[in-house]
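**Student:** Every letter in the sequence shown is one number past the one before it in our numbering, and letter 213, counting from 1, is 273.
Here you go, one structure.
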Amino acid sequence: LRTFAALGVYGASAITAVTAQNTHGVTDVHYLPSDMVAAQIDTVLADFDVAAIKIGMLGSAGIVAAVAGRLGGLPSPQPSPASGRGDAPSASSAAAQPSHERGKPLLPLAGEGGRVSGRMRGRPFVVYDPVMAASSGDALSEEGFLDAVRTKLLPLVDCLTPNLAEAAALLGAAEARDEETMAAQGRALLPLGPRAVLMKGGHLEASEAVDWLVTREGTRRYAGAWIASTNTHGTGCTLSAAIAAHVARGAGLEDAVAEAKAFVARAIEAGRDVKLGGGRGPLMQSPLRIRGA
Numbered sequence: 061l062r063t064f065a066a067l068g069v070y071g072a073s074a075i076t077a078v079t080a081q082n083t084h085g086v087t088d089v090h091y092l093p094s095d096m097v098a099a100q101i102d103t104v105l106a107d108f109d110v111a112a113i114k115i116g117m118l119g120s121a122g123i124v125a126a127v128a129g130r131l132g133g134l135p136s137p138q139p140s141p142a143s144g145r146g147d148a149p150s151a152s153s154a155a156a157q158p159s160h161e162r163g164k165p166l167l168p169l170a171g172e173g174g175r176v177s178g179r180m181r182g183r184p185f186v187v188y189d190p191v192m193a194a195s196s197g198d199a200l201s202e203e204g205f206l207d208a209v210r211t212k213l214l215p216l217v218d219c220l221t222p223n224l225a226e227a228a229a230l231l232g233a234a235e236a237r238d239e240e241t242m243a244a245q246g247r248a249l250l251p252l253g254p255r256a257v258l259m260k261g262g263h264l265e266a267s268e269a270v271d272w273l274v275t276r277e278g279t280r281r282y283a284g285a286w287i288a289s290t291n292t293h294g295t296g297c298t299l300s301a302a303i304a305a306h307v308a309r310g311a312g313l314e315d316a317v318a319e320a321k322a323f324v325a326r327a328i329e330a331g332r333d334v335k336l337g338g339g340r341g342p343l344m345q346s347p348l349r350i351r352g353a
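Shown next, in the form of structure tokens:
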């Protein structure tokens, strides 16, 4: 939600779980009943012009089924995301257009098949960050979760954003140790249904921070300098939310990934010298000034 706000879109959440956690790790997780998750989604979609949906931690097969059931009721997804730009406004978890901008059409009638900025006309763009464990290594998913994701959710996703461990888990393979394997695993995930896969290389031992965007049309490599900081909690969530926000604002997927990667780099830089708690601190979407002790 902070990322959506920082990038000028309005976010509305559907809460899937409540966690007890701090900068050291997660000590407990309570998953909400799947019918409550579905009710939250229904309520948001009934009221807002949603242009993008960012999915994060789901945790249980029942919640996956509830989310997939709601996405399955949306217009059918396009074969692959577009890479150009359009003038579609913002949208969240869901992202939505502020009321003072409602004179502007939600999606202009432009692009082949009504497709604009990687989105089908009238259909939210779906970004899924398949969170399975916290940065501390604590498990955040239950038995049956992976099978439910593979069979029910991935065919409804426009852009999947796994880290190396998550991609390996989805494929039942060893974790990638080089860029060639990263790209290959991204291609191997496409037959499971997502129209694009952004393989995140934040855990790769390399001279640069490298991500690979893989679609059926080809691949694109994104590289940036490493930023020395222990405050990197939330990088994956921030990146996927920023991608959704930029697509909602009208960017094509390739440009949205580039903008999101730059946003995360700025957030890491802004938080590198901030001391919050005794463990791995969060990113800062804006510089934080702490008063007092």
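Yeah, the Cβ is synthetic: ideal placement off N, Cα and C, and Gly gets one too.
Small disclaimer: the values here were computed from a predicted structure and weren't measured.
Using the C-alpha atoms, what's the distance from ILE287 back to VAL104?
**Tutor:** Going by the C-alpha atoms only, they are around 37 Å apart.
**Student:** So, PRO215 versus ARG183, is the Cβ gap smaller than 7 Å?
**Tutor:** Not closer than 7 Å, so no.
**Student:** Residue range of the alpha helix (DSSP H) that ALA325 falls in?
**Tutor:** ALA325 -> alpha helix (DSSP H) spans 313–331.
**Student:** Alpha carbon to alpha carbon, how far is THR76 from LEU92?
**Tutor:** THR76 and LEU92: Cα-Cα distance of roughly 6 Å.
**Student:** Which term fits ASP218, buried or exposed, when burial requires 16 or more other beta carbons within 10 angstroms of its beta carbon?
**Tutor:** Answer is buried; the Cβ neighbour count reaches 16.
**Student:** Determine whether the beta carbon atoms of LEU67 and ALA305 lie at a separation below 7 Å.
**Tutor:** It is a contact, given that the beta carbons lie within the stated cut-off.
**Student:** Less than 8 Å between the CB atoms is what I'm expecting for MET270 and GLY261, so what's the real figure, rounded?
**Tutor:** The question names Met, yet the displayed sequence has Val at residue 270. Between GLY261 and VAL270 the Cβ distance is about 4 Å, and since that is below 8 Å, they are a contact.
**Student:** Whose C-beta lies closer than 8 Å to the C-beta of MET344 among residues of the same chain, with five residues either side of it excluded?
**Tutor:** ASN291, ALA327, ALA330, GLY331, VAL334.
**Student:** Under three-state DSSP, which class holds VAL355?
**Tutor:** With the chain running from 61 to 353 in the structure shown, residue 355 is simply not present.
**Student:** Flag HIS263 as yes when its Cβ comes closer than 6 Å to any non-hydrogen atom of the ligand SAM, and as no otherwise.
**Tutor:** Because no ligand of any kind appears in the structure shown, any question about the ligand SAM cannot be addressed here.
**Student:** Note the first and the last residue of the continuous beta strand (DSSP E) segment covering LEU258.
**Tutor:** Residues 256–260.
**Student:** Applying the 10 Å Cβ sphere with the 16-neighbour rule, what's the burial state of SER267?
**Tutor:** Exposed: under 16 other Cβ atoms inside 10 Å.
**Student:** So for MET192, helix, strand or coil by DSSP?
**Tutor:** MET192: coil per DSSP, three-state reduction.
**Student:** Return the residue from the list GLY129, LEU206, LEU224, ALA126 that minimises the CA-CA distance to GLY296.
**Tutor:** Minimum Cα distance to GLY296 is reached at LEU224.
**Student:** What are the residues that DSSP puts in a beta bridge with ARG281?
**Tutor:** For ARG281, which the question treats as bridged, DSSP gives the partners TRP272.
**Student:** Going by C-alpha distance, which of LEU213, GLU203, HIS293, THR79 is nearest LEU19?
**Tutor:** With the chain covering 61 to 353 only, the question about residue 19 has no answer from this structure.
**Student:** Distance, Cα to Cα, GLN100 vs ALA126?
**Tutor:** If you take the alpha carbons of GLN100 and ALA126, they lie about 11 Å apart.
**Student:** Assign TYR70 to buried or exposed, taking buried as 16 or more other Cβ atoms, counted over all protein chains shown, within 10 Å of its Cβ.
**Tutor:** Answer is buried; the Cβ neighbour count reaches 16.
**Student:** For GLU226, collect the residues of the same chain with a Cβ closer than 7 Å to its Cβ; drop the 5 residues on either side in sequence, then sort them by chain order.
**Tutor:** Here the set comprises PRO190, MET192.
**Student:** From the DSSP output, read off the bridge partner residues of CYS219.
**Tutor:** VAL187.
**Student:** Could you please give the first and the last residue of the uninterrupted beta strand (DSSP E) stretch that includes GLN345?
**Tutor:** It is not in any beta strand (DSSP E) - GLN345 carries neither H nor E in the DSSP assignment.
**Student:** Taking Cβ to Cβ, would you say VAL209 is nearer than 7 Å to VAL124?
**Tutor:** Yes, Cβ-Cβ distance for VAL209 and VAL124 is below 7 Å.
**Student:** Quick one: Cα of ALA80 to Cα of THR87, how far?
**Tutor:** Distance between the alpha carbons of ALA80 and THR87 is about 6 Å.
**Student:** Exposed or buried, what is ALA148 when buried is set at 16 or more other beta-carbons lying within 10 Å of its beta-carbon?
**Tutor:** Because ALA148 carries a pLDDT of 33, less than 50, the predicted location of this residue cannot be relied on, and no value is offered for it.
**Student:** GLU314 and ARG280 - do their beta-carbons sit closer together than 7 Å?
**Tutor:** Yes.
**Student:** Buried or exposed for PRO254, going by 16 or more other Cβ atoms inside 10 Å?
**Tutor:** Buried.
**Student:** Tell whether a beta-carbon distance below 7 Å holds between GLY246 and TRP272.
**Tutor:** Going by C-beta atoms, GLY246 is nearer than 7 Å to TRP272.
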